[in-house]
Amino acid sequence: MTIPYPNHPAVPAFAEVEPSSGAARPRLAFLGTGYLGATYAICFAELGYEVLGFDVDEAKIAKLAAGQVPFHEAGLDELLRTNLAAGRLRFTTSYTEVADFADVHFICVGTPQRGDGMGADLSYVETSVTNLARHLTRRVLIVGKSTVPVGTAEWIEQLVAKHTDPELGIEVAWSPEFLQEGFAVEDVLRPNRIVVGVKSEWANGMLYAAHKGVFDLAATEDREVPLVVTDFATAELVKVAANAFLATKISFINAMAEVCEVAGGDVTQLARAIGYDPRIGNRFLQAGVGFGGGCLPKDIRAFQARAQELGAGEALRFLHEVDLINQRRRSKVLQLAAELLDRRSGPAGPDLSGTRIAVLGAAFKPNSDDVRDAPSLAVAAALAKAGADVHVYDPQGMENARVAQPALHYESSMAEAVTGAELVCVLTEWADFRNADPQALGELVAAKRVIDGRNCLDALLWARAGWEYRGMGRPAPAV
Ligand code: UDX
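Using UniProt numbering, read the sequence shown as starting at 1 and increasing by one per residue.
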């Protein structure tokens, strides 16, 4: 018997699979309950699966088990609590328990940039797979989800072969994720595609069963979720290729901003105009202080390092340029600050000592508390290094920012941050900042100067309220 995939007659029928746990639907485990794993675990429980989340971090597991999401993600808290209460979702720090429980094990641990270079650190992947494999006693599928260098799935297969009894028939597959922070719940429940890299019909069928909840939800909403069934290497490459493309799109528009700055053009209008061409599209064309976060910066670096190892370094040389453009946009804010504050720049950059600057935004993007490689926080630190007295406010990212950059001053509101400032820098486009009243803020500052690092303010409105305004890649408004 086969399980047909209703919306994709072209996809080969999936072999029927019986979870070795004996459950009607495969039981799922997510190893690594950071941002990725916790979100997946909670959302798959919401889709009706029995789910176990595993992590070596006892504090994190205790928090999740008590109904608290350890990071900020819209809608996730409520789903965590309802699914814990429904008994479909549990958390553990025991490899024995996770190995006994699940039919499909998703590896969701972190793959940070290595301390000694641009490549990805796979030590967490190695530890979790090895320890899991040693505890397995029946046939299960191990599915990689973390973003990894191409070739990792084959390596995991070897690790699994080394640490398990071949008689058990344990297999490996790859299924990348494409979560955007702030939209992660939707991205899991209603993904714009599912990609699986498999080597056998059994693995294919198991993965289908593990995603049936997603396809069923789509069917009830009269939607389709495109499915790409492919080989290991392609599945691994899809993720880094997608992130490289997005990073390139952002750096492309930021390069246009640099040209606009010297030519007297306005990059926001340029982006709008080219974006009407459906081949280009208007998304990810927002010029500003550039991309940050836990994914794009490290992924383009790891991708270059891997291509180099494979002898295809030249193919990705442009990603180095993408990275440089991105870094230059951060420096541009310092340059604008020096200009506005009428300070000279020496070879070591501008001297901003004795100035008070408000930085609005610490998270790498709005609706997130994530400050990993955040352009806003990097700029705040650089302003402080140049001698400025920097006061930071962010609606969600304060706690993480304090840990990452303890030497800066943190204020508990936008009003407190801007009070007495000679310059205000808006570096994350939170709605609170976009909609701030320039008249009211003008009453609090020492001097009305603003750098709009995300081109998110109404330049004319601010200029009319008496502010000296500078955007990124656009001329100062003529009042
Ligand atoms: C990204 C990918 O979008 C996602 O598919 C992948 O799974 C993980 O990496 P995320 O890191 O959540 O997601 O952030 P994203 O929304 O892509 O933004 C990345 C950075 O680019 C942010 O710092 C954002 O401010 C910046 N950005 C985005 C721009 O500077 N301009 C734009 O037009 C869009």
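Even for Gly, the Cβ is constructed at its ideal location relative to N, Cα and C. Nothing here was measured: the structure is a model prediction, and the numbers come from that model.
Check your understanding: Is the beta carbon of Cys-295 within less than 7 Å of some heavy atom of ligand 1?
Key -> yes
**Study point:** Host beta strand (DSSP E) of Glu-171 (start-end)
**Key:** 171 to 174
Check your understanding: Run through DSSP, which three-state label would Glu-468 get?
Key -> strand
Check your understanding: Relative to ligand 1, is the shortest distance from any of its heavy atoms to the C-beta of Asn-83 smaller than 7 Å?
Key -> no
Review point. Cα separation between Arg-434 and Glu-46?
Key: 34 Å
**Study point:** 7 Å Cβ shell around Val-17 - same chain, five flanking residues per side excluded
**Key:** Trp-202, Gly-205, Met-206 and Ala-209
**Study point:** Backbone CA spacing between Ala-173 and Ala-384 [nearest angstrom]
**Key:** 47 Å
Check your understanding: Closer than 8 Å, CB to CB, is Leu-340 near chain D or not?
Key -> Checking the listed chains, one finds no chain D in this structure; it contains a single protein chain.
Practice item. For Gly-264, collect the residues of the same chain with a Cβ closer than 7 Å to its Cβ; drop the 5 residues on either side in sequence, then sort them by chain order. Key: Pro-475
**Study point:** Counted within 10 angstroms of its Cβ, other Cβ atoms place Arg-223 as buried (16 or more) or exposed
**Key:** exposed
Point to revise | Under the three-state DSSP convention, the category Gln-113 falls into | key: strand
Check your understanding: Looking at the unbroken alpha helix (DSSP H) that takes in Tyr-208, where does it start and where does it end?
Key -> 201 to 220
Review point. So, Val-148 versus Val-129, is the Cβ gap smaller than 8 Å?
Key: no
Check your understanding: How about Ala-29 and Phe-91: do their beta carbons lie closer than 8 Å?
Key -> no
Exercise for review: Spatial neighbours of Ala-274 within its chain, please: CB distance less than 6 Å, with the 5 preceding and 5 following residues excluded, ordered by chain position.
Suggested key: The residue asked about is misnamed: residue 274 is Ile in this sequence, not Ala. So the list reads Ile-280, once near-sequence residues are dropped.
Practice item. Return yes when the C-beta of Ile-325 is under 7 Å from any heavy atom of ligand 1, and no when it is not. Key: no
Practice item. Return the chain-ordered list of same chain residues with a C-beta closer than 6 Å to the C-beta of Phe-44, the five sequence neighbours on each side being excluded. Key: Leu-28 and Val-51
Check your understanding: Who does Pro-226 pair with in a DSSP beta bridge?
Key -> DSSP, once it has assigned bridges, lists no residue as partnering Pro-226.
Point to revise | C-beta atoms of Asp-458 and Arg-470 nearer than 8 Å | key: no
Check your understanding: Less than 7 Å between the CB of Ser-215 and some heavy atom of ligand 1, yes or no?
Key -> One point to set straight first is that residue 215 is Phe, not Ser, in the sequence displayed. Checking every heavy atom of ligand 1 against the Cβ of Phe-215, none is found closer than 7 Å.
Check your understanding: Would Ala-315 be called buried (16 or more neighbouring beta carbons within 10 Å of its own) or exposed?
Key -> exposed
**Study point:** Own chain, CB closer than 6 Å to Cys-456, minus 5 neighbours either side, in chain order
**Key:** Glu-429 and Arg-434
Point to revise | Candidates Asp-266, Asn-83 and Gln-68: closest to Gly-34 by CA position | key: Gln-68
Review point. If you draw a straight line from the alpha carbon of Phe-215 to that of Val-225, how long is it in whole angstroms?
Key: 7 Å
Exercise for review: Starting from Thr-92, follow its DSSP beta bridges and name the residues at the other end.
Suggested key: Phe-54
Point to revise | Distance between Val-104 and Ser-21 (C-alpha atoms, nearest Å) | key: 10 Å
Review point. Any contact of the stretch 383 to 403 with the stretch 351 to 367, i.e. 3+ C-beta pairs under 8 Å?
Key: yes
Exercise for review: Identify every residue that forms a DSSP beta bridge with Pro-350.
Suggested key: Ser-345
Practice item. Report all residues from its chain with a CB closer than 7 Å to the CB of Val-418; omit the five preceding and five following residues, and keep chain order. Key: Ala-358, Val-424, Leu-441, Leu-444 and Val-445
Practice item. Compute the minimum distance between the beta carbon of Gly-199 and the heavy atoms of ligand 1, and state whether it is under 7 Å. Key: What sits at residue 199 in the sequence shown is Lys, not Gly. It does not: the Cβ of Lys-199 is nowhere closer than 7 Å to a heavy atom of ligand 1.
Check your understanding: Counting pairs of Cβ atoms below 8 Å between the stretch 106 to 120 and the stretch 133 to 152, do you hit three or more?
Key -> yes
**Study point:** Endpoints, the beta strand (DSSP E) within which Leu-319 is located
**Key:** Here Leu-319 belongs to no beta strand (DSSP E); instead the alpha helix (DSSP H) covers 317 to 340.
Review point. Is there at least one non-hydrogen atom of ligand 1 closer than 7 Å to the beta-carbon of Glu-73?
Key: no
**Study point:** Spatial distance of Val-379 from Val-333 (CA atoms)
**Key:** 7 Å
Point to revise | Minimum C-alpha distance to Ala-465 - residue among Ala-447, Met-472, Gly-473 and Arg-454 | key: Ala-447
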